[in-house]
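Below: the structure, in structure tokens.
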């Protein structure tokens with residue numbers, strides 16, 4: 061009788077989450093470890109509004125919510141349809157976006173600049189045409205209105221998800237909008253909103269001017285987001301998160317997308333999914349632990365390295 065082959069060890073929930081988010085089962089690819097490097101504190105303070113919102117697992121809902129909202133602008137949708145590799149490599153596409161968010165949030169100003177330049181290089185080739193409310197229009201990813209819409213959708217989604225599933229925000233919602241305006245400036249948005257009221261008024265302006273619409277491309281993206289290629293428990297959890305993103309959308313955007321809220325107790329189910337995810341992520345270092353190593357070095361204090369730190 062031949063020897064039995066050893067059983068393949070199934071990856072832990074933490075490893076599966078971090079592979080989806082960072083492209084690395086340990087959550088420590090080179091760009092995360094680089095958060096410990098640099099010669100300044102970066103744009104956002106430890107314990108401030110941006111660190112607080114982006115450290116929460118409510119971001120899992122926010123990412124889906126942001127993509128749904130962004131898809132309603134035909135210019136942004138044209139760029140996704142014509143140039144994004146989200147169908148062929150959805151995890152790679154997700155990781156690329158997460159990388160920029162993490163590096164801008166927790167990195168030094170130099171690292172934030174490098175990551176912003178990396179994204180800008182990717183966007184250089186994104187150009188084409190689409191049908192706007194006034195007729196055919198040429199576009200590029202750097203157009204001011206497209207950059208504004210993407211920033212607004214991101215800010216609204218992350219703020220809204222945290223308000224529903226996160227804790228208090230230091231300084232309140234206005235502090236988050238005001239702080240994250242710096243990310244908009246990095247992407248060459250000249251006049252980002254600075255308060256929650258201004259953020260929502262700007263978004264409502266796009267809606268009132270008829271610049272947002274649903275078409276076949278939007279429906280295609282929604283179908284893909286509804287059934288993203290996860291398996292097992294991750295697939296079940298993702299279905300809950302998608303339903304949460306839909307349920308948390310402002311009503312006008314949900315109606316325009318042609319989506320309905322699930323009859324299930326989505327808010328409560330999402331709290332459970334996010335609590336389990338947070339517990340799994342506590343088992344090892346997170347991005348902010350590497351950033352705190354940089355802050356300790358700059359302040360001249362000493363402490364354990366992120367590999368030995370307790371993440372929170």
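Residue numbers (the working numbering): 61 to 372. Glycine residues also receive a C-beta, built at the ideal position from the N, C-alpha and C atoms. Model, not experiment: these values are computed from the prediction.
Specify the secondary structure class of residue 63 as computed by DSSP and reduced to three states. In this prediction, residue 63 has a pLDDT of 49, which is less than 50 and means its spatial position is unreliable; nothing more can be read from the coordinates.
I need the DSSP call for residue 244, collapsed to helix, strand or coil. helix
Three-state class that DSSP yields for residue 192 in the structure shown: strand
Let me know the secondary structure DSSP gives residue 354 once reduced to three states. helix
What is the DSSP secondary structure of residue 168, counted as helix, strand or coil? coil
How many Å lie between residue 162 and residue 172 at the Cα? 9 Å
Which ranges does the beta strand (DSSP E) cover as unbroken runs of at least 3 residues, wholly within the region 246 to 333, from first to last along the chain? none
If you run the structure through DSSP and keep just helix, strand and coil, what is residue 187? strand
Using 10 angstroms around the beta-carbon of residue 129, count the other beta-carbons present and answer buried if the total reaches 16, otherwise exposed. buried
Is residue 198 helix, strand or coil when you go by DSSP? strand
Contact the region 262 to 278 vs the region 306 to 317: 3+ CB pairs below 8 Å: yes
In whole angstroms, give me the CA-to-CA distance for residue 246 and residue 358. 24 Å
Excluding the 5 residues flanking residue 189 on each side, which residues of the same chain have their C-beta closer than 8 Å to its C-beta? 138, 196, 197, 198, 199
Please report the residue range of the alpha helix (DSSP H) in which residue 104 lies. First-last for residue 104: undefined, no H or E at that position.
Given a cut-off of 8 Å on the beta-carbon distance, is the pair residue 220 and residue 116 in contact? no
To the nearest angstrom, how far is it from the Cα of residue 293 to the Cα of residue 72? 11 Å
Does residue 346 come out as helix, strand or coil in the three-state DSSP assignment? coil
Can you tell me the Cβ-Cβ gap for residue 300 and residue 341, rounded? I've got them flagged as a contact below 8 Å. Residue 300 to residue 341, Cβ: 17 Å. No contact.
On the criterion of 16 or more Cβ atoms from any shown chain inside 10 Å, does residue 63 qualify as buried, or is it exposed? Any reading at residue 63 needs caution, since the residue's pLDDT is 49, under 50, leaving its predicted position unreliable; the model's value is listed next. So residue 63 ends up on the exposed side.
Please check the pair residue 224 and residue 327, which I expect to be a contact at CB under 8 Å, by giving their CB distance rounded to whole angstroms. 7 Å
Measuring only the C-alpha atoms, how far is residue 239 from residue 254? 8 Å
Quick one: Cα of residue 75 to Cα of residue 98, how far? 27 Å
Is residue 211 helix, strand or coil when you go by DSSP? helix
Determine the direct distance from the alpha carbon of residue 244 to that of residue 217, and round the result to whole angstroms. 15 Å
Measuring alpha carbon to alpha carbon, tell me which of 131, 92, 81 ends up nearest residue 283. 131
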